[in-house]
Amino acid sequence: MRLVVSLGGNALLRKGQAITAENQRENAAMAAMWLAPVFREHDVVIAHGSGPQLAMLALQSFSYRVAEPTRLDLLCAQAGGETGYLLARELWNKLGSDRHVVAHMAQVLVNADDEAFGKPAKPIGPFYERTYAHQLRQLRGWQFADFDGEYRRVVPVPRLLETIEIGAAKSMLGSGTAVVMCGPVPVAAGSGGELHGMEALPDKDEFASLLARELDADGLLFLTDVLSVATDYGKPEQRQIRHATPASLGTLAFDPSSMGPKVKAACDFVEASHKWAAIGSISNVEHVLSGEAGTRVVPTMAGAIDFWPR
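In case it helps, numbering that gives the first Met the number 0 puts the sequence shown at residues 0 to 309.
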């Protein structure tokens with residue numbers, strides 16, 4: 000099968016861990032150990048989160064008042080390159096000669112006129128006191144949101160249109176090479192077709208869904224640190240979803256900062272392709288792939304939602 004596998008940020012950094020080179024290497028090696036059997040049997044493209052790495056780079060860049068802060072497209076490239084390099088290296092170490100692995104930077108096209116640029120909402124970087132935030136707004140044109148009296152920069156999350164390097168990814172897959180798509184980096188096209196970087200943050204789950212559609216993938220996996228999608232998450236009545244359709248999931252509410260984007264991206268792929276997507280734990284990836292664990296989103300099914308036994 001041809002698969003797109005989206006790794007959550009926990010692939011390189013677990014909750015509460017310090018962002019050290021050794022922590023990231025150990026976690027990348029663990030992720031590669033779990034993923035290696037899937038890579039041996041299937042044609043795989045990996046998309047990944049780089050939230051902790053991007054947050055650290057933004058904090059460093061925006062806090063240094065002497066130098067010009069790094070643009071968001073460059074921060075996306077830096078964080079994505081770091082993450083992709085570690086994943087590709089550790090997969091190479093686990094797979095040996097069984098499968099070549101390439102880390103490839105991904106530029107993703109956005110519309111410079113997307114309404115998201117007029118309504119920035121994604122917080123990033125350090126907190127500022129009110130006066131300095133106002134100075135930065137005047138000096139750099141940044142937008143800020145108030146968090147209990149402290150101010151933090153907010154940036155756009157535009158809709159993703161296409162992956163610039165999709166042709167290269169198809170060629171590499173066709174030759175038997177596994178691909179780690181690093182980033183993505185947001186770009187827009189000028190009047191002559193030239194590309195230029197954009198001050199925005201692409202959504203990694205939306206990017207994985209886009210990749211899966213562009214590659215005509217047989218399935219899309221979102222691998223994270225939870226067993227499956229759940230209703231009433233964290234409550235005594237919590238129930239783990241086994242199978243569901245996009246329509247049935249659309250009637251439920253999920254945390255917009257964690258599970259919500261994954262569910263939406265999975266549903267978008269299934270609705271567009273009439274294939275399947277799955278959400279589950281990276282440590283259980285083979286069972287998630289076979290349908291023996293996790294949540295599988297399917298185009299149609301007999302009932303509304305099928306739950307795992309309690």
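Even glycine gets a Cβ: it sits at the ideal position worked out from N, Cα and C. Keep in mind that this is a model prediction, so the values were computed, not measured.
Nearest CA to the CA of Leu172: which residue from Glu213, Gly192, Val186?
Counting from one through the sequence shown, the residue named residue 172 turns up at place 173. If we check each option's Cα against that of Leu172, Glu213 comes out closest.
If Pro119 sits next to Gln142, beta carbons under 8 angstroms apart, how far is it from one beta carbon to the other, in whole angstroms?
Along the sequence shown, read from residue 1 onward, the residue named residue 119 stands at position 120. Along the sequence shown, read from residue 1 onward, the residue named residue 142 stands at position 143. Contact annotation, Pro119 with Gln142: C-beta distance approximately 5 angstroms; criterion of less than 8 angstroms satisfied.
Within the same chain, show all residues whose beta-carbon is closer than 8 angstroms to that of Lys121, passing over the 5 residues directly before and after it, in chain order.
Working through the sequence shown from its first residue, we reach residue 121 at position 122. For Lys121, where only same-chain residues beyond five positions count, the Cβ hits under 8 angstroms are Val153, Val154, Pro155, Val156, Leu200.
Since Ala211 and Phe268 should fall inside the 8 angstroms C-beta cutoff, what is the C-beta to C-beta distance between them, to a whole number of angstroms?
Residue numbering aside, residue 211 sits at position 212 when the sequence shown is read from its first letter. Residue numbering aside, residue 268 sits at position 269 when the sequence shown is read from its first letter. Right, the Cβ-Cβ distance comes to about 5 angstroms (below 8 angstroms), so this counts as a contact.
Which complete beta strand (DSSP E) runs does the stretch 30 to 87 hold, if anything under 3 residues is left out?
42 to 47
Between the CA atoms of Leu2 and Tyr131 - distance to the nearest angstrom
Along the sequence shown, read from residue 1 onward, the residue named residue 131 stands at position 132. Along the sequence shown, read from residue 1 onward, the residue named residue 2 stands at position 3. Cα-Cα distance, rounded: 47 angstroms.
Local conformation of Val232 per DSSP, three classes:
Position 233 of the sequence shown, counting from 1, holds the residue named residue 232. Here residue 232 is Tyr; the residue named in the question, Val, does not match the sequence. Tyr232: coil per DSSP, three-state reduction.
Environment of Arg98 [buried if 16+ CB atoms lie within 10 Å]
If you number the sequence shown from 1, residue 98 lands on position 99. Arg98 comes out buried.
What residue range does the alpha helix (DSSP H) around Leu222 cover?
Residue 222 sits at position 223 when you count from the first residue of the sequence shown. Run containing Leu222: none in the alpha helix (DSSP H); it sits in the beta strand (DSSP E), 218 to 223.
Closest residue to Phe116 among Pro183, Ala187, Thr176 (Cα-Cα distance)
The count along the sequence shown starts at 1 and reaches residue 116 at position 117. Minimum Cα distance to Phe116 is reached at Ala187.
Pro119 in three-state terms, based on DSSP:
Taking the first residue of the sequence shown as 1, we reach residue 119 at position 120. Pro119 sits in coil when the DSSP states are folded into three classes, being neither helix nor strand.
Alpha carbon to alpha carbon, how far is Asp231 from Ser247?
One-based indexing of the sequence shown puts residue 231 at position 232. One-based indexing of the sequence shown puts residue 247 at position 248. Computed Cα separation, rounded: 15 angstroms.
Check for me: the beta strand (DSSP E) holding Glu114 runs from which residue to which?
On the sequence shown, residue 114 is found 115 positions in, with the first residue counted as 1. That residue, Glu114, is in no beta strand (DSSP E); it is neither H nor E in DSSP.
Suppose you measure from the CA of Ile281 to the CA of Leu159; what does that come to, to the nearest Å?
Position 282 of the sequence shown, counted from the first residue, corresponds to residue 281. Position 160 of the sequence shown, counted from the first residue, corresponds to residue 159. Annotation: Ile281 to Leu159 spans about 25 angstroms, alpha carbon to alpha carbon.
Please report the residue range of the beta strand (DSSP E) in which Phe143 lies.
In the sequence shown, residue 143 corresponds to position 144, counting from 1. Element bounds for Phe143: 142 to 146.
Excluding the 5 residues flanking Arg70 on each side, which residues of the same chain have their C-beta closer than 8 angstroms to its C-beta?
Indexing the sequence shown from 1 puts residue 70 at position 71. Cβ within range, chain order: Gly196, Glu198.
Thr82 and Gln52 closer than 8 angstroms at C-beta:
If you number the sequence shown from 1, residue 82 lands on position 83. If you number the sequence shown from 1, residue 52 lands on position 53. Result yes, Cβ atoms of Thr82 and Gln52 sit closer than 8 angstroms.
Where Lys234 falls, given that 16 or more other Cβ within 10 Å makes a residue buried
Taking the first residue of the sequence shown as position 1, residue 234 is located at position 235. With fewer than 16 Cβ atoms within 10 Å of its Cβ, Lys234 is classed as exposed.
8 angstroms CB neighbourhood of Gln239 in its chain, flanking five on each side removed:
For the purposes of this step, residue 239 is taken as the residue at position 240 of the sequence shown. Non-local beta-carbon contacts of Gln239 in its own chain, meaning distances under 8 angstroms to residues more than five positions away in sequence, involve Leu226, Ser227, Val228, Ala229, Thr294, Phe306, Trp307 in chain order.
Mark His47 as exposed unless 16 or more other C-beta atoms lie within 10 angstroms of its C-beta, in which case mark it buried.
Numbered from 1 along the sequence shown, position 48 holds the residue referred to as residue 47. Looking at its Cβ environment, which holds 16 or more other Cβ atoms inside 10 Å, His47 is buried.
In chain order, which beta strand (DSSP E) runs of at least 3 residues are fully inside the stretch 260 to 298?
Those beta strand (DSSP E) runs which fall completely within the stretch 260 to 298 and span 3+ residues are 275 to 280, 294 to 296.
Specify the secondary structure class of Ala243 as computed by DSSP and reduced to three states.
One-based indexing of the sequence shown puts residue 243 at position 244. In the displayed model, Ala243 falls within a strand according to three-state DSSP.
Quick check on Lys14: buried or exposed, where buried means 16 or more other Cβ atoms within 10 Å of its Cβ?
Counted from its first residue, the sequence shown places residue 14 at position 15. Under this definition Lys14 is an exposed residue.
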